[in-house]
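Let me begin by presenting the structure, written as structure tokens, before commenting on it.
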Amino acid sequence: MTADLQIPASPLLSDDTDLFYLLREFETAYRYAPTGGSSPIRAHMRIVRERIARIMKANPAMRSPEPSALPVATHLGRAFDNGEREPTEVFVRTAAKLAPRLRWEYGYENVRPTLARKYGYTDVMGPAGFIGCEDLVLGFVLFAPGCVYPSHRHDGITESYIVLSGAVSENALGVFRPPSMIFNAAGTTHTIRTSSHEPALLAYAWTGTPEAIAGHTMKFTRTRRK
Ligand SMILES: [Fe+2]
-4 MTADLQIPAS PLLSDDTDLF YLLREFETAY RYAPTGGSSP IRAHMRIVRE
46 RIARIMKANP AMRSPEPSAL PVATHLGRAF DNGEREPTEV FVRTAAKLAP
96 RLRWEYGYEN VRPTLARKYG YTDVMGPAGF IGCEDLVLGF VLFAPGCVYP
146 SHRHDGITES YIVLSGAVSE NALGVFRPPS MIFNAAGTTH TIRTSSHEPA
196 LLAYAWTGTP EAIAGHTMKF TRTRRK
């Protein structure tokens, strides 16, 4: 006879194996991604790593956000399949294990119907998400093929993306595919587009003061013409 497996009501990070290893993948990505000689990117990567290390050391109790799907989530399997053929393979496989638990959201109050079908994000760590943290937000954003993520900015928050699957352009400055990092200094305006054939999955990190992160509201730069 075997003893019943006792699962605590609020497991610690170290008990939640899938999340623990996902955090390791974020930490690894922000340790080994090339900086391209950019001091701001190097500094941002160090801050992300230090805050991840602090959380892993604290080993907090996990939260259990209610999973929710959005239309874009139907592209998630394809994004994982494509990502498994990229240098980001291990990160992608680790993220895929969390798929049934993810809570996909828009973040914007008024999302245009075209964007509502083609975009969603899910926080892993931050004020929302599985792991509570006030000064670092980690998560994933998923874009369907042919998505235009309109011009926006994040005041007081430094943002980076690691492209895990697919290809995106930002501000028409270049095309980024795995394992590229895209860096948006606080307050800079950016627009993201995806190719018309495949979805794109990006990991993101936001750093800022607790006040900046708690007070951030998602707004597009220009209001929609009626
Ligand atoms: Fe952004």
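To convert, note that position 107 of the sequence shown is 102 in the numbering used here; the numbers rise steadily by one, no gaps.
Each residue gets a CB set at the ideal place from its N, CA and C atoms; glycine is no exception.
As the structure is a computational prediction, the values presented were derived from the model and not from experiment.
In terms of side-chain proximity, the C-beta atom of N54 is found no nearer than 7 Å to any non-hydrogen atom of ligand 1. Collapsing the DSSP output to three states places L18 in a helix. Taking each of R44, P66, A123 and N105 in turn and checking the Cα distance to F215, the smallest one comes out for N105.
A contact between stretches requires three or more CB pairs, one per stretch, nearer than 8 Å, and the segment 149 to 158 fails this requirement with the segment 56 to 70.
For M40, the enclosing alpha helix (DSSP H) starts and ends at S34 to A53.
Remark: the shortest separation between the CB of E165 and any heavy atom of ligand 1 does not fall under 7 Å. Ranked by Cα distance from F138, the first of A111, G124 and C128 is A111. In the three-state reduction of the DSSP assignment, G127 falls in the strand class, which pools E and B. G127 is positioned such that its CB atom lies no closer than 8 Å to that of D118. Taking each of E81, L8 and R73 in turn and checking the Cα distance to K52, the smallest one comes out for L8. Burial is judged here by how many other beta carbons sit within 10 angstroms of a residue's own beta carbon; G32 has fewer than 16 and is exposed. Look at which beta carbons fall closer than 6 Å to any heavy atom of ligand 1; those residues are H147, H149, E154, N179 and H185. Between the alpha carbons of L133 and G169 lies a gap of roughly 24 Å. I157: member of the beta strand (DSSP E) spanning T153 to S160, first to last residue.
Under the three-state reduction of DSSP output, E100 falls in the strand class. Looking at the DSSP output, R188 shares a beta bridge with V143 and S164. I177 and E165 do touch by the CB rule: their CB atoms are close to 6 Å apart, below 8 Å. Residue pairing by DSSP places I177 opposite Y156 in a beta bridge.
W99 is a Cβ neighbour of G115, given a cutoff of 8 Å. Residues of the same chain with a CB within less than 6 Å of the CB of Y25, apart from the 5 flanking positions on each side, are M40, V43 and R44 in chain order.
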